Amino acid sequence: MLGRLCLPSCSATVSRSIRKLSTPSEKPLQAVVVDVEEAGPRLDISGLKPRHRVIAAGGMPPLEFEWERKRNAQRERFGTYGLKSGIDPSLCWPTVEEIEEEQAVGLYREYETCVREMKVLKQKKEAKEAARIAELEKNLEKYPEVLAKYEASQIKAEKERDEKEIALENRIREIQEYFGYWMDPKDPRFEVMLQQKEQEEKKVKFLRGMTDVTMSQVEPAAVPCSTKKPAVPSVECSLHPLVIINISEHWTRMRAQSRDKTAQKVFGAVLGKVDEGHVEMVNSFELRMFMLDGHCRFNEEFLRQRLSQYKEVFPELEAVGWYCTGQDDLEQDEILLQSLFAVAIDSPLLVKLNPTVDSQAKRCGF
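Going by full-length UniProt numbering, the sequence shown opens with residue 1, and the numbers climb by one from there.
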């Protein structure tokens, strides 16, 4: 029983050794071993397939699979087993197409070619390194001068930043005093308030300028004739007929569309060119108007959009003023509109057309 447990597939050599070492008291064990050897075939407990057992024993396995009949597999089989594999040795040599492809790719090159290319690469690398070192040495010579310029620029930037900070602080204080409460500069409402404050300042400046002009017109009559006033630079204006036609067509169309057929007041922007004291008004377009607190206002967003559209087609033209229709004297709404246009347009001109003027009159309707 012990022999069956320990020696499931005993060879003849093992059996003979056991017989020699057996004692009379171990006769039953010897008999069992002999019975096992003579009774059945040897058992294989490796679990390998027949193909793998052949390879493990050093033999050559048969061709069983389709991939073993391909060229690469046959080359490997010939390299492993030699002539006894039965493979034609000519399969081991590359074909003409493979040689041409290798030559085109340049995968295999001669030793002298490789050495020559390596020398060229090494020379280029050395030249590049020498140029870099030369540039570094040149920069080192300029380093004190560059450092001094950088430090001076930093000092200048610091001074400018201090001035900007002081100006911003003063501006914040002015806005807080103007609106009556504190506002964080990072708050989005602060920008709106700042723009509102700037617009108010522009309006005040424009109205002050109009007052000065009015006083200058009245003063000569009140002062003696011997008083001399400084000369005011004059501005020449030329009006293109197209502007007159556009205003007339605008007024006529609006009057025809109204039910009561009364005189309609129309508004628009005037485009032109400004060149050293000469303003040439060459084109115009209509504006969208609305009423606010009983006063007439224009749509600023519409004005900006139309100006940008005209700028794309006529880049040489810019907004130089605005037009309206009505009587000869300036109305209160027109004075207010002039102040509002001064915010959107620099020094705007007003072209006013009186369409109800008598055709027999000896004066123009402008």
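The C-beta atom is built at its ideal place from N, Cα and C for all residues, glycine as well.
Note that the coordinates shown come from a computational prediction; the quantities given were computed from them, not determined experimentally.
query: For Y323 versus L353, is the C-beta spacing smaller than 8 Å?
result: yes
task: Going by DSSP, name the residue or residues bridged to R297.
output: F290
- request: Give every residue of the same chain whose Cβ lies closer than 8 Å to the Cβ of V105, excluding the five residues on either side of it in the sequence, and list them in chain order.
  value: none
field: Where F78 sits in the DSSP three-state scheme
entry: helix
query: Taking the alpha-carbon positions, what's the K164 to V146 distance?
result: 26 Å
- prompt: Can you give the Cα-Cα distance for V54 and L121, rounded to whole angstroms?
  reply: 53 Å
message: Within the continuous alpha helix (DSSP H) that includes E318, where are the two ends?
response: Not the alpha helix (DSSP H): E318 falls in the beta strand (DSSP E), residues E318 to T325.
field: Cβ neighbours of F302 in the same chain (closer than 8 Å, five flanking residues each side left out)
entry: L287 and R288
- prompt: Between Y108 and E117, what straight-line distance do the alpha-carbon atoms span, to the nearest angstrom?
  reply: 14 Å
query: Which partner residues of V279 appear in the DSSP bridge assignment?
result: C237 and V274
message: Which same chain residues end up closer than 7 Å to K228 when comparing Cβ atoms and leaving out the 5 residues on each side of it in sequence?
response: Because K228 sits at a pLDDT of 41, beneath the cut-off of 50, its placement in the model cannot be relied upon, and the point is left open.
For V54, the first and last residue of its enclosing alpha helix (DSSP H): P50 to A56
- prompt: Alpha carbon to alpha carbon, what distance is there between L91 and E102?
  reply: 18 Å
message: Beta-carbon within less than 6 Å of E280's beta-carbon, same chain only, minus the 5 sequence neighbours each way: which residues are those?
response: S238, G272 and K273
Contact test: H52 Cβ vs the ligand SAH heavy atom, cutoff 7 Å: Among the components modelled here there is no ligand, and therefore nothing to report on the ligand SAH.
task: With a 10 Å radius around its C-beta and 16 neighbouring C-beta atoms as the bar for buried, classify N139 as buried or exposed.
output: exposed
query: Taking all protein chains shown into account, do 16 or more other C-beta atoms lie within 10 angstroms of the C-beta of S9, making it buried, or fewer, making it exposed?
result: With a pLDDT of only 46 at S9, under 50, the local geometry of the prediction cannot be trusted, and the value read off the model is given with reservation. Under this definition S9 is an exposed residue.
query: Cβ of A269 within 8 Å of Cβ of F285?
result: yes
message: Please identify the residue among V351, K142, N299 and T325 whose C-alpha is closest to the C-alpha of A344.
response: N299
message: Whole angstroms are fine: how far does the CA of R71 sit from the CA of G58?
response: 23 Å
- prompt: Quick one: Cα of A134 to Cα of A319, how far?
  reply: 58 Å
task: Over the uninterrupted alpha helix (DSSP H) stretch that includes L336, give me the two end residues.
output: Q332 to A344
message: Only counting the same chain, and skipping five residues up and downstream in sequence, which positions put a Cβ closer than 8 Å to that of P185?
response: L168 and I172
Integer-rounded CB distance, given that R51 should sit under 8 Å from E64: 7 Å
query: Which residues share a DSSP beta bridge with A131?
result: Per DSSP, none; premise fails for A131.
task: Provide the residue(s) that pair with G180 in DSSP beta bridges, ordered along the chain.
output: Beta-bridge pairing links G180 to no other residue.
query: Would you call W182 buried or exposed, if buried means 16 or more other Cβ atoms sit within 10 Å of its Cβ?
result: exposed
- request: Provide the residue(s) that pair with K352 in DSSP beta bridges, ordered along the chain.
  value: C324
- prompt: Nearest-angstrom Cα distance between A56 and W93?
  reply: 30 Å
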